[in-house]
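Working notes, structure below.
In this note's numbering, the protein residues as written are 570 to 816.
Next up, the structure:
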């Protein structure tokens with residue numbers, strides 16, 4: 570459902586189909602198992618404003634350009650379009666990752682859900698090849714300019730936790746989640762990272778979320794914390810590539 574022009578709307582549909590085909594393969598998700606998704610594209614933020622979800626404390630978000638909501642048997646994405654962008658808006662891709670992660674009904678850790686969404690939100694297609702994982706200057710500025718809390722705090726945070734910044738994707742929670750998820754995907758691959766998290770959750774790992782790095786990936790949290798900090802300072806974010814999946 571779109572308030573954009575017909576040509577731009579059809580272009581977004583085509584790009585989103587390519588995104589689904591490629592990213593679902595990278596994550597090892599069967600698109601046939603996903604609940605139906607409705608995408609509502611508003612022409613601008615003013616038209617989107619009445620439909621924005623409230624923050625956990627009941628206040629309206631300061632900056633929110635999109636959201637994903639899971640319903641019984643279906644899902645919905647709402648997004649305010651960027652007037653200056655001809656390609657599909659990264660917010661749609663970000664929320665599309667949340668949709669893909671809903672395939673099995675699990676509630677994945679907030680850091681991974683948001684980190685993976687940011688990672689794949691830079692998805693683009695050139696000729697017959699797709700890429701994603703571009704360095705994001707805004708998130709890097711946040712990482713380099715803030716005093717970061719301990720990594721265990723990020724791992725244990727839920728969406729109602731004060732650590733979780735629901736105000737926008739430039740918050741520290743999003744930036745650190747993006748850096749950690751990018752590090753893990755670059756080390757293990759997207760499909761393996763996702764599979765290890767599923768296995769960890771099936772073994773009851775979610776009851777002690779701060780142990781996920783050691784229990785799911787065999788990594789020491791302090792070593793990862795140091796590695797991700799250096800990784801962020803040097804912007805060592807390699808781009809993922811693959812042939813465009815069917816869509």
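Even glycine gets a Cβ: it sits at the ideal position worked out from N, Cα and C.
Model, not experiment: these values are computed from the prediction.
Beta-carbon gap between residue i and residue j smaller than 8 Å
i, j, result
"residue 608", "residue 661", "yes"
"residue 697", "residue 592", "no"
"residue 577", "residue 613", "no"
"residue 781", "residue 787", "no"
"residue 595", "residue 811", "yes"
"residue 763", "residue 597", "yes"
"residue 585", "residue 704", "no"
"residue 801", "residue 712", "yes"
"residue 644", "residue 637", "yes"
"residue 803", "residue 709", "no"
"residue 701", "residue 691", "yes"
"residue 603", "residue 621", "no"
"residue 630", "residue 639", "no"
"residue 742", "residue 726", "yes"
"residue 689", "residue 666", "yes"
Residue i, enclosing alpha helix (DSSP H) - first and last residue
i, result
"residue 589", "575-596"
"residue 706", "706-714"
"residue 666", "659-670"
"residue 798", "790-802"
"residue 614", "614-617"
"residue 776", "It is not in any alpha helix (DSSP H) - residue 776 carries neither H nor E in the DSSP assignment."
"residue 684", "679-689"
"residue 752", "741-757"
"residue 786", "781-786"
Option nearest residue i by Cα separation, candidates the options
i, options, result
"residue 616", "649, 573, 792", "649"
"residue 587", "656, 685, 621", "656"
"residue 766", "620, 670, 604, 584", "670"
"residue 572", "681, 624, 611", "611"
"residue 641", "600, 605, 721, 804", "605"
"residue 758", "692, 718, 730, 809", "809"
"residue 754", "624, 646, 685, 583", "685"
"residue 769", "728, 676, 741", "676"
"residue 793", "725, 667, 627, 756", "756"
"residue 791", "722, 628, 667, 740", "722"
"residue 707", "694, 728, 740", "740"
"residue 730", "626, 695, 583", "626"
Residue i burial status per 10 Å Cβ neighbour count (16 or more: buried)
i, result
"residue 777", "exposed"
"residue 678", "buried"
"residue 735", "Low confidence applies to residue 735: its pLDDT is 46, below 50, so where it sits in the model is not reliable, and the reading given next is rough at best. By the neighbour-count rule (16 or more Cβ atoms within 10 Å), residue 735 is buried."
"residue 618", "exposed"
"residue 744", "buried"
"residue 683", "buried"
"residue 716", "exposed"
"residue 579", "exposed"
"residue 699", "buried"
"residue 738", "Reliability of the predicted coordinates at residue 738 is poor, the pLDDT of 48 falling under 50, and no value is obtained from them."
"residue 570", "exposed"
"residue 674", "exposed"
"residue 659", "buried"
"residue 714", "exposed"
Beta carbon proximity, residue i to chain B, threshold 8 Å
i, result
"residue 744", "Absent from the structure: chain B. Only one protein chain is present."
Residue i, enclosing beta strand (DSSP E) - first and last residue
i, result
"residue 648", "643-649"
"residue 812", "809-812"
"residue 635", "635-640"
"residue 611", "606-611"
"residue 700", "698-701"
"residue 695", "693-695"
Closer than 8 Å is the cut-off here; do at least three beta carbon pairs connect the region 784-802 with the region 739-753? A contact exists between the region 784-802 and the region 739-753.
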